[in-house]
Every structure is written in C-alpha cells, then in structure tokens.
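A.B. asks:
Numbering (the numbering used here), first residue to last: -2 to 445.
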C-alpha cells in the first residue's frame, strides 16, 4: 500500500496573499527548519512536510467557500497527482459541495494507487450513492461489510442503503452489527433511529417502541427521539401515548416537524379540523416534502370538504411515499369523490402493484365498478375485499351504492359509517380508521 505521508516532489504555488499565516503556525514550522521556513516565505510550498502542507490547505480553505477549497485542492493535485492525503481531502470536499462526479474521479485515482484501500473504497461508495448509482454503491459497501472487523461507518452507510432499497430485514441485520460495536453512538449517532425505523417498516411496532422508550429514558433531552416515538405510537393505535408525547414537547417548546405532524393527526382525531390544518402546515413549513404531513393535510382538507386542496396534498403525499397503500387509497377516494373515476382506477391499480392483499384497494375498485353500473364486477370485487378485510369501508360503501344507486351517495356514506361504528372495536382507532371516517364525511360527488 502506498504511503500517503510521503514527501511530495510537486511544487505548490500559493498566492502571495495566502502567506499571511498566523505567527503560531509559522513558528511551528520555524522550530523544525528555519532555512526552509525562509524558502517557504519566498514562495516555495514544496519544502513543506506533508502534515504542514495539509495544515496550510485547511487554513486556506477556511478563507474560501467549499467550492473554492475544492478547486485549490485540485490545482495542487495537478502538480502532485499521486498524493493520497490530497486525494482524500479532495474526495471529501467534493462530496460536501455536491460534486459527486469529481469525488468519484478522485477516489478512483486513489484506488488505482492503493488497490483495496478501505477508506477510499468507502469514499467511492459514498460518491456512487450520491450519483444514484445504487447497485454499484451497494456492491462496494457489501464488500467492505464482509470483514469481521468492518468499521461502523461503512456498515451504517450499507444499512441506510438497504433501507432505501426497501430491504428492511437486510438493513436490520447490518444495523444490529453497528449497535454491537463499542461506543457506536459517538461515531454514527443515527444508528439507534435507523434500527427503530427498520423495525417500524417491518411491522414490529412494539419492538421499535420499546427500543426508543429505553433510549428516551436514558437520555430524556434527546430531541431526535420524541418525534419518531410519537409516530410509532400513532401507527400502533396508541393515540393517548402519542397525544401525551406531543403535549409534553409542546409545553416545553420543543416541537419538531415530525411532532407537528403527530399533533396534526391528534387534532384530526379530535375533529378539530382548523387546528389539524395549522399543525400540518407547520410541519410542511419545515419539510415541504414530508409525505405523512401531506397525507394528514389532505385528510383534513377532505374533512373540511375542500376536495381540490385534499387532492393536491394527497398527490404530493403519493409522490413522497409511492408505495404507501393508505395514501394511494386515500387519493383514489378523493378522485372518486371529485368524479375522476378513471384517475382513481389508475391510482388503485398502482396500489395493487405494490400489494395485492390489501382489501381496501379491491373495495375501491368495487366502488368504481358500481359507479359504472357493472354490478357483477362490483360484487366480485366486494367479495375479494371482504375476504381480505371483513371491516373494509370501501367494500361496505360499494355494497350500499349497489343498494341505493349512484344518485344516493350521501345515503350510502351515512349507512357505511353506521356499519363501521358497529364493526370497529373501541380503542382501536388508527390512522386508517381516521382516514376512513373523514373521507366519508366529505360530501360525495359520485354520480354527478
């Protein structure tokens, strides 16, 4: 492996104005070699040992923008292209200023000089990921993870990548290796949250809740834990716990965007539509692409009978969460209520492409068949929906449309609500039930 601490034979031509260095830094060099210090002051950077040369670069970088720092490093690399220390700094700086293509070129150059170098292999994977070359990044990180003593940083990057790919079980396997490492939290502080997110997406909600509750007990001032924990409470149907955590954060003036979103669903459950909309708006002000906040804002707008606004938010929610079945079905319902039956059918087809075992999707398709007066097809879809979910709201709605006719959508909505009230066990209200209740309250436009 090439020695990155070697002396360089390349000459660094620094601007004269850059030579106004602090006395303590010059003294650090003078104590080593006064004659060389004189040559440096006369304009010859090449006399500097590599550690002081990099110190000089860092100090110069402090006077520049990140992009200018990258250009400075690259100008030095033109004169000394084999310097691994400079290549490492160039990769890191290029990534920090979102120039992943240049970072990749520098990483490739370094690996040509030092094949198998772990740190440059990791840097290369990061650059590939920033370029959305996900499969190549994954392959690079998988190779690094094979080592028994693999460092937690590339392991964490691999876990994040697997999570991004929807491989939650595989991500959890890697993140568990990170959590087993000593003092992992000092190096990758996000590992605990990624562990909980993997459990969340695997449907292991109570395990994820227990994990975050334990962390919050040990570190009650960690602002990054309350929002994810409150969200887990919400998705687990533990509305009282979600409400309590939101209220605690609000009283302490420590609301995060995620907690604003949780607060919106709490207000929606309490049927305070203006408050819900205000809280979802606060969440979106901080994170305009937050899919859950757009979902909540869409449901609240629907509850307020503003179907146009509801459609806008739910379309944004689908863009952010294209595989979230509840959001796809909510958008389809709004499209049905707006008379956009073909668009609703397309949305529900997308939902079926994600998961063909979700009863509400078939119920929605049954509603569309009923609107088209295709009773045989509607009844087939109703049977499928009820087989998958005996409490399917959309199947009940489709049945009542067949019973009352498409001109009596309001009667169908009211009877479907009565049906749900009998079927839904007390205390088990979750996000899907909230969506069902408030979408049903929106005035139906079917048959018009």
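For glycine and all other residues, C-beta sits at the position ideal for the given N, C-alpha and C.
1. For residue 255, name the three-state secondary structure that DSSP assigns.
2. Out of 203, 360, 177 and 173, point me to the one whose CA is closest to residue 233's CA.
3. As a quick exercise: from 285, 283 and 292, pick the residue whose alpha carbon is nearest that of residue 273.
4. For residue 205, which residues from the same chain have a beta carbon less than 6 Å from its beta carbon, with the 5 sequence-adjacent residues on both sides left out?
5. Would a C-beta distance cut-off of 7 Å place residue 277 and residue 298 closer than the cut-off?
6. Given this structure, state the Cα-to-Cα distance separating residue 74 from residue 105, to the nearest angstrom.
7. In its own chain, which residues sit with a C-beta less than 6 Å from the C-beta of residue 151, not counting the 5 before and 5 after it?
8. By how many angstroms is the C-alpha of residue 345 removed from the C-alpha of residue 376?
9. Residue 359 to residue 295, Cα distance in whole Å?
10. When burial is assigned at 16 or more other CB atoms within 10 Å of the CB, is residue 136 buried or exposed?
11. Can you list, in chain order, the residues of its chain with a C-beta nearer than 6 Å to that of residue 178? Leave out the 5 residues immediately preceding and following it.
12. Do residue 212 and residue 183 have their C-beta atoms closer together than 7 Å?
13. Looking at the secondary structure, which residues open and close the alpha helix (DSSP H) in which residue 396 lies?
14. Round the Cβ separation of residue 365 and residue 342 to the nearest angstrom and send it over; I've been treating them as touching at under 8 Å.
15. Taking the CB atoms as reference points, tell me whether residue 270 and residue 244 lie closer together than 7 Å.
16. Could you tell me if residue 96 is buried or exposed, where buried requires 16 or more neighbouring beta carbons within 10 angstroms of its beta carbon?
17. With respect to the alpha helix (DSSP H) encompassing residue 344, which residues constitute its N-terminal and C-terminal limits?
18. When you compare only the Cα positions, how much space is there between residue 328 and residue 311?
19. Using only alpha-carbon positions, find the residue among 256, 265 and 266 that is nearest to residue 283.
20. Roughly how many angstroms lie between the CA atoms of residue 154 and residue 318, to the nearest whole one?
21. Please say whether residue 320 and residue 351 have beta carbons closer to each other than 7 Å?
22. Closest to residue 356 by C-alpha separation, out of 86, 161, 322 and 374, would be which residue?
23. Apart from the five residues just before and just after residue 288, which ones in its own chain have a Cβ nearer than 6 Å to its Cβ?
24. Got a sec, what are the start and stop residues for the alpha helix (DSSP H) residue 381 sits in?
25. Can you give the beta carbon distance from residue 446 to residue 159, rounded, assuming they're within the 8 Å contact cut?
26. At the level of alpha carbons, what is the spacing between residue 99 and residue 368?
27. In this structure, does DSSP put residue 413 in helix, strand or coil?
28. In chain order, what are the residue ranges of uninterrupted alpha helix (DSSP H) at least 4 long that sit wholly in the segment 242 to 317?
29. What number of angstroms, rounded off, separates the C-alpha of residue 372 from the C-alpha of residue 165?
30. By Cβ distance, which residues of its chain are closer than 7 Å to residue 94, with the 5 residues on each side in sequence left out?
31. With DSSP run on the structure shown, which of helix, strand or coil describes residue 362?
32. Would you say residue 335 and residue 362 are within 7 Å of each other, going by their C-beta atoms?
33. Considering only their Cβ atoms, is the gap separating residue 87 from residue 70 smaller than 7 Å?
34. Looking at the structure shown, is residue 147 part of a helix, part of a strand, or coil, going by DSSP?
35. Would you call residue 242 buried or exposed, if buried means 16 or more other Cβ atoms sit within 10 Å of its Cβ?
36. If I measure Cβ to Cβ from residue 23 and keep anything under 6 Å in the same chain, skipping five residues before and after, which residues do I get?
C.D. replies: According to the data block:
1. Within the chain shown, numbered from 1, the residue matching residue 255 stands at position 258. Here residue 255 sits in helix by DSSP.
2. Against the chain shown, residue 233 aligns to sequence position 236. Of the candidates 203, 360, 177 and 173, the one whose C-alpha sits nearest the C-alpha of residue 233 is 203.
3. For this step, residue 273 is matched to residue 276 along the chain shown. It is 292.
4. Here residue 205 refers to the residue found at position 208 when the chain shown is read from its first residue. Within the same chain, residue 205 has close Cβ partners 193, 196, 197 and 229.
5. The residue labelled residue 277 in the question sits at position 280 within the chain shown. The residue labelled residue 298 in the question sits at position 301 within the chain shown. Not a contact, by the Cβ cut-off of 7 Å.
6. For the purposes of this step, residue 74 is taken as residue 77 along the chain shown, with counting starting at 1. For the purposes of this step, residue 105 is taken as residue 108 along the chain shown, with counting starting at 1. Roughly 14 Å between the two C-alpha positions.
7. Position 154 of the chain shown holds residue 151. Cβ neighbours of residue 151 beyond the five flanking positions: 119, 138 and 141.
8. Translated into positions along the chain shown, residue 376 becomes position 379. Translated into positions along the chain shown, residue 345 becomes position 348. If I take the Cα positions, the gap works out to 17 Å.
9. Walking along the chain shown from the start, residue 359 turns up at place 362. Walking along the chain shown from the start, residue 295 turns up at place 298. If you take the alpha carbons of residue 359 and residue 295, they lie about 22 Å apart.
10. Against the chain shown, residue 136 aligns to sequence position 139. Residue 136 comes out exposed.
11. The residue you call residue 178 lines up with position 181 of the chain shown. Contacts found: 149.
12. In the chain shown, counting from the first residue as 1, residue 212 sits at position 215. In the chain shown, counting from the first residue as 1, residue 183 sits at position 186. Not closer than 7 Å, so no.
13. As a working note, residue 396 is residue 399 in the chain shown. That run of the alpha helix (DSSP H) goes 390 to 401.
14. Here residue 365 refers to the residue found at position 368 when the chain shown is read from its first residue. Here residue 342 refers to the residue found at position 345 when the chain shown is read from its first residue. The Cβ separation is near 5 Å, so the contact holds.
15. Indexing the chain shown from 1 puts residue 270 at position 273. Indexing the chain shown from 1 puts residue 244 at position 247. For the pair residue 270 and residue 244, the CB atoms are not nearer than the 7 Å cut-off.
16. Here residue 96 corresponds to residue number 99 of the chain shown, with the count starting at 1. With 16 or more other Cβ atoms within 10 Å, it is buried.
17. Start at 1 with the first residue of the chain shown, and residue 344 comes out as number 347. Unbroken alpha helix (DSSP H) run through residue 344: 338 to 351.
18. Taking the first residue of the chain shown as position 1, residue 328 is located at position 331. Taking the first residue of the chain shown as position 1, residue 311 is located at position 314. Using only the alpha carbons, I get a separation of about 6 Å.
19. Position 286 of the chain shown, counting from 1, holds the residue named residue 283. Measuring C-alpha to C-alpha distances from residue 283 to each of 256, 265 and 266 identifies 256 as the nearest.
20. Mapped onto the chain shown, residue 154 falls at position 157. Mapped onto the chain shown, residue 318 falls at position 321. Rounded to the nearest whole angstrom, the C-alpha separation of residue 154 and residue 318 is 22 Å.
21. In the chain shown, residue 351 corresponds to position 354, counting from 1. In the chain shown, residue 320 corresponds to position 323, counting from 1. Yes, the pair counts as a contact, with Cβ atoms nearer than the cut-off.
22. As a working note, residue 356 is residue 359 in the chain shown. In this structure, 322 is the residue among 86, 161, 322 and 374 with its C-alpha nearest to the C-alpha of residue 356.
23. For this step, residue 288 is matched to residue 291 along the chain shown. 314, 317 and 318, listed in sequence order.
24. The count along the chain shown starts at 1 and reaches residue 381 at position 384. Element bounds for residue 381: 372 to 385.
25. The shown model of the chain, from -2 to 445, leaves out residue 446, and the question about it has no answer.
26. In the chain shown, residue 99 corresponds to position 102, counting from 1. In the chain shown, residue 368 corresponds to position 371, counting from 1. CA-to-CA, the gap between residue 99 and residue 368 works out to about 56 Å.
27. Here residue 413 corresponds to residue number 416 of the chain shown, with the count starting at 1. Annotation note: pLDDT 45 at residue 413 (below 50); position unreliable, coordinate value reported separately. In the structure shown, residue 413 sits in a helix (DSSP, three-state: H, G or I).
28. Runs of the alpha helix (DSSP H) inside the segment 242 to 317: 254 to 266, 270 to 283, 288 to 300 and 304 to 317.
29. As a first step, residue 372 is located in the chain shown; it is residue number 375 there, counting from the start. As a first step, residue 165 is located in the chain shown; it is residue number 168 there, counting from the start. Here the alpha carbon of residue 372 sits roughly 41 Å from the alpha carbon of residue 165.
30. On the chain shown, position 97 is the one that residue 94 refers to. For residue 94, where only same-chain residues beyond five positions count, the Cβ hits under 7 Å are 63, 64 and 67.
31. Residue 362 sits at position 365 when you count from the first residue of the chain shown. Residue 362: helix per DSSP, three-state reduction.
32. For this step, residue 335 is matched to residue 338 along the chain shown. For this step, residue 362 is matched to residue 365 along the chain shown. The Cβ-Cβ distance between residue 335 and residue 362 does not fall below 7 Å.
33. The residue you call residue 70 lines up with position 73 of the chain shown. The residue you call residue 87 lines up with position 90 of the chain shown. At the C-beta level, residue 70 and residue 87 come within 7 Å of one another.
34. Position 150 of the chain shown, counted from the start, is the residue given in the question as residue 147. Of the three classes helix, strand and coil, the one that applies to residue 147 here is coil, per DSSP.
35. One-based indexing of the chain shown puts residue 242 at position 245. Residue 242 should be labelled buried.
36. Residue 23 sits at position 26 when you count from the first residue of the chain shown. Residue placement at residue 23 cannot be trusted, given a pLDDT of 39 that sits under 50; the coordinates are not used to answer.
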